[in-house]
Structures are given as structure tokens and as C-alpha cells.
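*Asks:*
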Amino acid sequence: MTYQALARKWRPQTFADLVGQEAIVTALRNALRDGRIAQAYLFSGIRGVGKTTAARVLAKALNCLGADGSAKGPASEPCDTCLVCTEIREGADLDVIEIDAATHSKVEQVRELTESLRYGPARDRYKVVVLDEIHRLSGSAFDALLKIVEEPPPHLTFIFATTEIEKVPATVLSRCQEFHFRRVPPEPMVAHLRRICDAENFEAGGPALRLIARASEGSVRDAVALLDQAATFGNGRLGDEDVARLVGGIDAGLLATLLEAVLAGDGARVSTTIREVEDGGSDPRQVFTHFLGYLRSALHLAQGLDAEQLDLPAEAAADLKETAAASGYENLLRLLHLLLSSETVVRRADAPGLALEVALLRAAELPRLVRIERLAAGLPAETESPTARPEAPKPRNDAAGNTAPSGSPAAAAAIIRRLESQSPALAGLLDFHRARLEVHGDTLVVEAVPELERQLRDEARAAQLGDAVRSELGPDGGWKTTPAPPGGDGDGPTNADSAPPPGDSPPTGRAGSRPETGRPAPERRRPQRAPGPGSEARRAAEADPGVRAVLDVFGGRVLDVRPKSP
5 MTYQALARKW RPQTFADLVG QEAIVTALRN ALRDGRIAQA YLFSGIRGVG
55 KTTAARVLAK ALNCLGADGS AKGPASEPCD TCLVCTEIRE GADLDVIEID
105 AATHSKVEQV RELTESLRYG PARDRYKVVV LDEIHRLSGS AFDALLKIVE
155 EPPPHLTFIF ATTEIEKVPA TVLSRCQEFH FRRVPPEPMV AHLRRICDAE
205 NFEAGGPALR LIARASEGSV RDAVALLDQA ATFGNGRLGD EDVARLVGGI
255 DAGLLATLLE AVLAGDGARV STTIREVEDG GSDPRQVFTH FLGYLRSALH
305 LAQGLDAEQL DLPAEAAADL KETAAASGYE NLLRLLHLLL SSETVVRRAD
355 APGLALEVAL LRAAELPRLV RIERLAAGLP AETESPTARP EAPKPRNDAA
405 GNTAPSGSPA AAAAIIRRLE SQSPALAGLL DFHRARLEVH GDTLVVEAVP
455 ELERQLRDEA RAAQLGDAVR SELGPDGGWK TTPAPPGGDG DGPTNADSAP
505 PPGDSPPTGR AGSRPETGRP APERRRPQRA PGPGSEARRA AEADPGVRAV
555 LDVFGGRVLD VRPKSP
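Per this note's numbering, residue 5 is the first one in the sequence shown, and the count goes up by one each step.
This is the structure:
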């Protein structure tokens with residue numbers, strides 16, 4: 005028996021066999037069941053997603069006689085066994101005309117076609133004209149087609165198919181029911197390939213099929229053709245490495261090495277890896293494309309996407325998740341944006357290896373972002389992902405494993421740490437004003453200067469502080485302010501505390517401080533300013549909404565107001 009390619013052997017023959025086009029199948033089935041047959045349909049989409057196949061299936065459904073030959077009207081699902089369905093499948097039905105518009109693009113040919121269509125079907129219920137690649141028609145040919153498409157004779161249906169719908173005139177589009185065939189997602193594509201492998205007795209693992217589905221770019225025909233090629237190469241066995249070589253895949257370890265080198269700013273390592281890529285015979289353009297996809301996967305992981313949804317082996321996905329969490333969402337986004345701007349240069353370069361190396365070296369020099377809230381709070385300049393932030397620290401436990409009592413200095417320190425984790429701007433505000441925090445029972449007492457007390461009355465800040473207190477002291481926890489002792493400038497931070505004498509208990513919690521042994525926090529001094537004529541100007545500036553917003557974010561205050569220099 006003559007060999008038949010898998011793409012032809014497994015071509016869908018019914019609506020149920022179409023892969024990944026459920027919405028279109030539902031719409032066509034409902035129209036057939038209700039008898040709402042349009043005079044013209046337009047199927048658009050990329051190559052190999054089922055446009056021409058769906059047109060043939062629709063022609064079968066319009067003319068199907070049923071398995072017993074007793075059907076009197078269109079069927080919502082063709083039987084594929086009656087005489088009409090068999091002839092349409094074999095291309096022998098006289099009433100189903102399939103034309104390639106690329107070879108019938110002239111106006112004279114379209115006029116001859118329209119003249120022949122004025123006569124009814126020879127045997128079937130409907131005469132169906134399938135015009136493939138309709139965008140290849142000339143402008144005059146489109147004009148010659150308009151009248152018969154708008155007012156066709158009874159029992160005549162047009163089905164147009166195109167990969168470039170933007171080239172079809174609006175006058176034609178307005179006369180058709182348009183259905184856009186989408187790219188087939190990886191999951192249904194892999195399931196379809198698995199069914200073929202089981203029926204053909206091919207041995208294939210999940211990673212190999214996912215590689216084929218990804219390389220097909222959503223085209224079912226391309227995916228089945230790649231499967232056929234891989235099965236021939238492996239004599240019925242599709243190994244992961246063999247499939248990766250056939251589809252031009254890049255080793256995930258190489259991509260991980262490149263990403264780590266770029267994020268670390270290690271230009272020498274980047275250049276060494278690119279040289280290995282060229283020595284290994286890989287196409288630098290393809291490496292760049294796969295690296296962009298790998299970086300996109302890292303961006304998705306930084307956003308919180310489940311690693312199982314990526315087209316990567318489990319171990320590679322776990323390693324990439326750690327890298328994404330360490331680098332941060334913002335840095336990955338800026339890196340991807342920078343590399344996308346170099347895509348055209350790499351693709352068109354006469355020396356693609358050099359272009360790829362320069363693009364990645366530029367990316368390695370990209371400065372890393374630091375969240376401004378961390379700087380305002382005086383925290384270390386570490387990047388963090390907004391969707392993968394560290395877990396809030398829990399109250400310190402004693403040697404017996406019990407939570408530290410609420411009245412101890414550890415409770416105040418735990419509240420400070422929680423604020424630094426969850427509300428760094430508020431922690432920075434307390435640190436700026438050198439606020440002393442003490443815990444009495446289930447109440448946090450904040451020694452606050454007047455300016456800090458006023459800012460803590462803000463509803464958002466009060467809620468943030470209340471949440472932190474309740475997290476550490478329990479649901480009955482609360483907080484209050486008490487005036488700070490005199491000694492400061494009356495409008496800013498209070499003076500620093502003196503060091504505790506040896507043998508005494510450690511000092512109570514202080515916003516922004518870190519636990520130290522035997523050493524007090526260094527005193528922060530600020531210049532004293534006596535009230536003067538500028539006080540009214542300062543109050544007016546602080547009342548300005550824009551100035552107020554900046555002061556609220558950074559926990560600052562207006563020191564002086566000066567006239568603008570000419």
C-alpha cells in the first residue's frame with residue numbers, strides 16, 4: 005500500500021475531529037441544526053489550523069444523507085459514511101467545487117465561475133464553492149464576485165478561506181459570516197499528538213511532544229508533519245534529544261547559563277557562552293528567539309504563574325523559578341524590553357553571533373532597580389518581586405519554643421520587623437522621627453513628636469500599624485501615642501537614647517533599628533531651627549497636596565521655603 009503522510013491520514017473528517025476550534029464548531033453546529041445557513045462564510049487564520057478542512061466538513065454537513073440515507077436536511081454532524089460524504093472526502097462530488105484563488109485570480113476566470121453557478125446543484129441539496137486563499141484575487145475579480153455573493157441563487161453557498169484577511173476588501177467582508185481560526189494552544193495540541201502516537205504505535209514522552217507543539221507555533225498540520233519526521237528519524241521512537249535537534253530546540257541549561265550571566269552582569273561569561281553556541285553549530289538567531297521565550301517564562305514565574313504551565317522540564321522550571329524570585333519582576337521586565345529592541349538587529353545582521361553577543365552584553369550592563377520604599381525605610385538595597393515578597397517574620401521564640409511575651413522588648417522589635425516587611429514606608433516614617441515603641445500588655449505605645457502623631461492619624465497608616473500590632477499581639481492588640489519627652493526641635497525627631505548600663509535588659513524596640521549586642525544605635529542629630537518669618541510659608545507649602553504627597557511617602561518635613569531664583 006502506498007504510504008500516506010500523517011498530515012493527510014489524520015485530517016479531520018467531522019466537526020468532532022477539529023482540534024482547538026470549539027467556539028467555531030459550536031456556532032456552525034447550531035446554525036446547521038436551526039437551518040440558519042448563510043450565503044457566504046469567511047474562514048481566516050494562520051496556516052494549518054483547519055480552515056479548508058472545516059470548509060469540507062461544512063459542505064458534508066450541508067449535503068449529508070445520513071448513515072441510512074434518510075436525512076432530509078442539513079446535519080449538525082456529518083456521518084462521513086454516506087455516498088455524498090464519501091465523494092466529498094475523495095474530491096469527486098460535482099456539486100462541491102474547490103478552487104485555488106491563486107490560480108483563478110483574473111476577472112475573466114471569476115466571471116466564468118459566476119456564470120456557471122447560476123444553475124442549481126446536480127444532485128446535492130446545496131452547491132458549495134470553496135474558494136481558498138481568496139486574498140490572492142485581483143481587485144477586478146473581487147468586484148465581479150460581489151453581486152453573486154450578496155444575492156446568490158437558491159441552494160448556493162460560498163466558503164472563503166484566507167491567511168491574510170487584511171487584504172480582503174471590506175465590501176466582501178460585509179457580505180460574509182466571518183470565523184477566525186485561532187492558533188491551537190499547546191495542551192490540546194499535545195493531546196492530539198498523543199492520540200496519533202497511540203494509534204500509530206509510536207513511543208513518545210511528554211517533553212518531546214511539548215517541543216513539537218511549541219515548534220509548530222499553533223499549526224496542527226505543522227505539528228503532525230514534525231511528528232511524522234521525528235518518528236521516521238527515530239524508527240517509531242521519539243526521544244527528547246532527537247526531537248530537540250530536529251525542531252532546532254536549545255538546551256535549557258544553556259539558556260539558564262546565559263540568563264544567570266546577564267543578571268549577574270558577568271560579561272566574560274556571556275561572551276564565553278556565545279562562543280560555545282557558535283562552536284556547537286547553533287543558529288544565533290534561533291538562540292536569541294529561544295532566550296526571549298525563556299526570559300518570558302521567568303517573567304511569568306516572577307508574576308506568580310505556576311511552573312507546571314511552562315513548556316519546560318520540571319527541574320529546569322524549578323531552577324528558573326528560583327532565579328526569577330531572586331532577580332525580581334521589575335528587572336526581568338526591563339531586561340526583556342531591552343532585548344526586544346535588539347530583535348530586528350539580531351535577525352537581519354550579517355554576523356548574527358556578534359549581534360547576539362552585543363545585545364546580551366548591553367543587557368548585562370543594565371542597572372538593577374531597587375524599590376524606593378526600601379530606600380526610604382533605610383533597608384538594604386535588595387531587589388524583590390512584588391508577587392514573590394518574603395514572608396513576614398514571625399515573633400521570636402524562646403528556648404522552650406514559646407512565643408515571646410507581649411510585654412518584652414522582643415514584641416516591639418517583632419512589630420518593627422513586620423512593618424519593614426509589609427509597610428516599609430511607615431517603618432521609614434517611624435525611623436525618621438526616632439519614635440520609641442514600647443509594649444504594655446496588649447497595647448503598643450508610640451512616643452511621638454507632634455508631627456509624627458499628626459501623620460499617624462492618617463487612616464491608611466493607622467490601619468497598617470493596627471494590622472502589624474494585631475499580627476504580633478493577638479486580635480485584641482491595639483496602639484496609642486504618647487508625647488515624646490522634650491529635647492528635640494519640637495517638630496522633628498527626638499533625641500537619641502543613651503546606651504543601657506551593663507547588665508540591664510536590652511532596650512525597647514525602635515523603628516528602623518536592628519538588634520545589637522552591647523552597642524546602642526548611633527545618635528542621629530538634626531540642625532535646630534528657631535521659628536521665624538518663614539514659618540507661615542512652611543505651613544503653606546505643607547498644605548499643598550503635591551508637597552503633602554511627597555512628605556507622606558518619604559516621611560519628611562519642610563525645613564525652609566525660598567523664593568525662586570530669577
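Where a beta carbon is used, it is the ideal one built from N, C-alpha and C, also for glycine. Just so you know, these numbers come straight off a predicted model, no measurement behind them.
Within 10 angstroms of the Cβ of Gln8, are there 16 or more other Cβ atoms? Answer buried if so, exposed if not.
*Replies:* Exposed, since its Cβ has fewer than 16 Cβ neighbours within 10 Å.
*Asks:* For Val554, count the other beta carbons within 10 Å of its own beta carbon; 16 or more makes it buried, fewer makes it exposed. Which is it?
*Replies:* Per the 10 Å Cβ criterion, exposed.
*Asks:* Any idea if Thr161 is buried or exposed, counting beta-carbon neighbours within 10 angstroms, 16 or more meaning buried?
*Replies:* Thr161 should be labelled buried.
*Asks:* Determine whether the beta carbon atoms of Leu423 and Ala415 lie at a separation below 8 Å.
*Replies:* No; because the gap between Cβ atoms is not below 8 Å, this pair is not in contact.
*Asks:* Could you pull the start and end residues of the alpha helix (DSSP H) that Ala431 belongs to?
*Replies:* Element bounds for Ala431: Pro428 to Phe436.
*Asks:* By Cβ distance below 8 Å, which residues in the same chain neighbour Arg552 in space, the five residues on each side in sequence not counted?
*Replies:* Excluding residues within five positions, the ones whose Cβ falls inside 8 Å are Glu546.
*Asks:* Run through the DSSP bridge pairs and tell me what Ile163 is partnered with.
*Replies:* Paired residues: Tyr45 and Val134.
*Asks:* On the CB-based measure, 16 or more other CB atoms within 10 Å of its CB, does His341 come out buried or exposed?
*Replies:* Under this definition His341 is an exposed residue.
*Asks:* Below 8 Å on the Cβ atoms is my guess for Asp99 versus Asp128; work out the distance and round it to an integer in Å.
*Replies:* The pair is a contact, with the Cβ atoms about 4 Å apart (cut-off 8 Å).
*Asks:* Let me know if Asn205 comes out buried or exposed under the rule of 16 or more other beta-carbons within 10 Å of its beta-carbon.
*Replies:* By the neighbour-count rule (16 or more Cβ atoms within 10 Å), Asn205 is not buried but exposed.
*Asks:* Classify Pro479 as buried or exposed, calling it buried when 16 or more other Cβ atoms lie within 10 Å of its own Cβ.
*Replies:* So Pro479 ends up on the exposed side.
*Asks:* Mapping the DSSP letters down to three states, classify Glu26 as helix, strand or coil.
*Replies:* In the structure shown, Glu26 sits in a helix (DSSP, three-state: H, G or I).
*Asks:* Within this structure, are the beta carbons of Pro288 and Glu282 separated by less than 8 Å?
*Replies:* Result yes, Cβ atoms of Pro288 and Glu282 sit closer than 8 Å.
*Asks:* Residues in the same chain with beta-carbon distance under 8 Å from Ala11, minus the five sequence neighbours each way, listed in chain order, please.
*Replies:* Here the set comprises Arg225, Val228, Ala229 and Asp232.
*Asks:* Do you know offhand how far Arg572's Cα is from Gly143's?
*Replies:* Not covered by the structure: residue 572. The range shown for the chain is 5 to 570.
*Asks:* Return helix, strand or coil for Lys484, following the three-state DSSP convention.
*Replies:* Of the three classes helix, strand and coil, the one that applies to Lys484 here is strand, per DSSP.
*Asks:* Rounding to the nearest angstrom, what Cα-Cα distance links Ala562 and Leu373 in this structure?
*Replies:* First, the amino acid is wrong: residue 562 is Val here, not Ala. Distance between the alpha carbons of Val562 and Leu373 is about 28 Å.
*Asks:* Looking only at DSSP bridge pairs, what is Val450 linked to?
*Replies:* Answer is Leu441 and Thr485, bridged to Val450.
*Asks:* Taking the straight line between their C-alpha atoms, what separation do you get for Arg604 and Ala217?
*Replies:* Residue 604 lies beyond the stretch modelled for the chain, which goes from 5 to 570, so this question has no answer here.
*Asks:* Starting from Gln113, trace the alpha helix (DSSP H) both ways and give me its first and last residue.
*Replies:* From DSSP, the alpha helix (DSSP H) with Gln113 extends over Val111 to Ser120.
*Asks:* Answer yes or no: does any C-beta atom of chain C fall closer than 8 Å to that of Ala268?
*Replies:* Annotation note: the requested chain C is absent from the structure, which comprises a single protein chain.
*Asks:* For Ser48, which of Glu207, His139, Arg352 and Val132 has the nearest alpha-carbon?
*Replies:* It is His139 whose Cα lies nearest to the Cα of Ser48.
*Asks:* Do Val114 and Ile163 count as a contact pair if the criterion is CB distance below 8 Å?
*Replies:* Cβ distance not < 8 Å, so Ile163 and Val114 don't count as in contact.
*Asks:* If you check the beta carbons only, do Arg33 and Ser80 fall under 8 Å apart?
*Replies:* Yes.
*Asks:* Please specify which runs of the alpha helix (DSSP H), each continuous and at least 4 residues long, are wholly inside the segment 37-108, giving them in chain order.
*Replies:* With a minimum length of 4 residues, the continuous alpha helix (DSSP H) runs that stay inside the segment 37-108 are 55-67 and 87-94.
*Asks:* Just confirm the distance between the C-beta atoms of Cys201 and Ala195, as a whole number of angstroms; I'd bet it's less than 8 Å.
*Replies:* At roughly 11 Å, the Cβ-Cβ gap does not stay under 8 Å, so Cys201 and Ala195 are not in contact.
*Asks:* Do Leu46 and Gln181 have their beta-carbon atoms positioned less than 8 Å apart in this structure?
*Replies:* Yes; because the gap between Cβ atoms is below 8 Å, this pair is in contact.
*Asks:* Measuring only the C-alpha atoms, how far is Leu477 from Ile28?
*Replies:* Roughly 58 Å separates the two Cα atoms.
*Asks:* For the beta strand (DSSP E) that contains His184, what are its first and last residues?
*Replies:* Unbroken beta strand (DSSP E) run through His184: Gln181 to Phe185.
*Asks:* Once you ignore the five residues that flank Val291 on each side, which residues in its own chain have a CB closer than 6 Å to its CB?
*Replies:* Answer for Val291: Ile254 and Val281, listed in chain order.
*Asks:* Taking 8 Å as the cut-off, decide whether the C-beta atoms of Thr166 and Glu137 are in contact.
*Replies:* Contact: yes.
*Asks:* Specify, as a first and last residue, the run of the alpha helix (DSSP H) that Asp232 falls within.
*Replies:* Residues Val224 to Phe237.
*Asks:* Is Ala353 helix, strand or coil by DSSP?
*Replies:* Of the three classes helix, strand and coil, the one that applies to Ala353 here is coil, per DSSP.
*Asks:* Can you give me the Cβ contacts of Ile41 inside the same chain, cut-off strictly under 8 Å, excluding the 5 residues immediately before and after it?
*Replies:* The residues are Ala35, Leu66, Pro78, Tyr130 and Thr161.
*Asks:* On the DSSP bridge list, what partners appear for Leu324?
*Replies:* Bridge partners of Leu324: none, in fact.
*Asks:* Report yes if the C-beta distance between Val153 and Glu102 is below 8 Å; otherwise report no.
*Replies:* No, the pair does not count as a contact, with Cβ atoms beyond the cut-off.
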